[in-house]
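Residue numbering for the sequence shown is 232 to 514, as defined by the numbering used here. These notes are about the structure you will find just below.
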Amino acid sequence: MANISVLILTKNEQQDLPGCLESVAWSDDIHVFDSMSTDDTVAIAEGFGAHVTQRDYGACKLSFGGDESAHRNWGLQNIPFKYEWVFVIDADERATQDLVTAMTEVVCAPKGFVAFRIQRRDYFLGTWLKHVQASPYYMRLFMHQKLRYDRLINPVSIADGPVGLVSGFLDHFPFSKGIGFWVERHNSYSRAEAQQIVENRKKLAFFSFKKAFAAKDFNECRFHQKELFYRLPFRPLIKFLILYVGKRGFLDGRAGFTYAMLQSIYEYFIVLKTREMESPFVK
């Protein structure tokens, strides 16, 4: 049995949670951090033997409803994990056996690393989106006292120490509830992203073109790349071209084209809402 605690973040996940719990049954310390679900999520988690902590996601109120980083940071600081190492997974994700084996090995001999990135395989229309994803690596295994999150939405993981890479895959099914649900969720995300952009501009967020491409730290590089991207005209079109042409999303077939289009639409939502928030005619 791996000496790793598991953290699952949920909000009305009765459909996907059972499969997720089965994929992490190897841990004897599973925590479900629930954002006040109104379906059977909590009952399913408790029935599986998981520890449930509930907290209102909007406890840190912003205009779009809550600060995701503050919510996650609260969980890391207040949930009583049994082990030093924590593996974070969403309800629509599944830990593969190869990943579990690899994580068990690295926590036994971390070699100075305080966190590890994991490669995620996103699936859509029965296809692994191998090429069209902007980045498949996510920091999901870490010493919980050595990590914090930043940004209002789509948080950036910031580790207090060296970060390694663990083998194996984390499988993700973002369209498990249908395209309509994905669109509704990203409509909400787009408002949060727009608010993040507006706040950064008010603070005159420091931006370095050099660090956007040469920073050694992955998260620092990603931050400056995002700031560069937010300064570009025709962002929705550019995003489509980056994913479909630059990342060779066309190799993912129809699924790759559809996903690139959806991401382009999402980006356009962000552009429109940023413009609206900055308009002097909108109260």
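All C-beta atoms in this analysis are idealised placements derived from N, C-alpha and C, irrespective of residue type, glycine included.
By the criterion of a C-beta distance shorter than 7 Å, residue 446 is surrounded in its chain by 452, 455, once the five residues flanking it on both sides are discounted. Residue 339 is classed as exposed because its beta carbon has fewer than 16 other beta carbons within 10 Å across all chains shown. In this structure, residue 466 places its C-beta atom within 9 Å of the C-beta atom of residue 498.
The DSSP-derived three-state label of residue 370 is strand. Just measuring C-alpha positions, the residue of 324, 233, 479 sitting nearest residue 336 is 233. Within the same chain, and ignoring the five residues on either side of residue 266 in sequence, the residues whose Cβ sits closer than 6 Å to its Cβ are 242, 288. Bounds of any alpha helix (DSSP H) do not take in residue 476, whose DSSP letter is neither H nor E. For residue 282, no alpha helix (DSSP H) run applies; the uninterrupted beta strand (DSSP E) run containing it begins and ends at 282 to 285, by DSSP. Around the beta-carbon of residue 489, 16 or more other beta-carbon atoms lie within 10 Å, marking it buried. Taking a 10 Å sphere around the C-beta of residue 470, we find 16 or more other C-beta atoms and assign the residue as buried.
Residue range 394 to 403 is occupied by the beta strand (DSSP E) that includes residue 396, with no alpha helix (DSSP H) assigned at that position.
Cβ atoms of residue 352 and residue 318 stay farther apart than 8 Å, at about 16 Å. Between the segment 249 to 269 and the segment 313 to 331 there are three or more inter-stretch CB-CB distances shorter than 8 Å, so the stretches are counted as touching.
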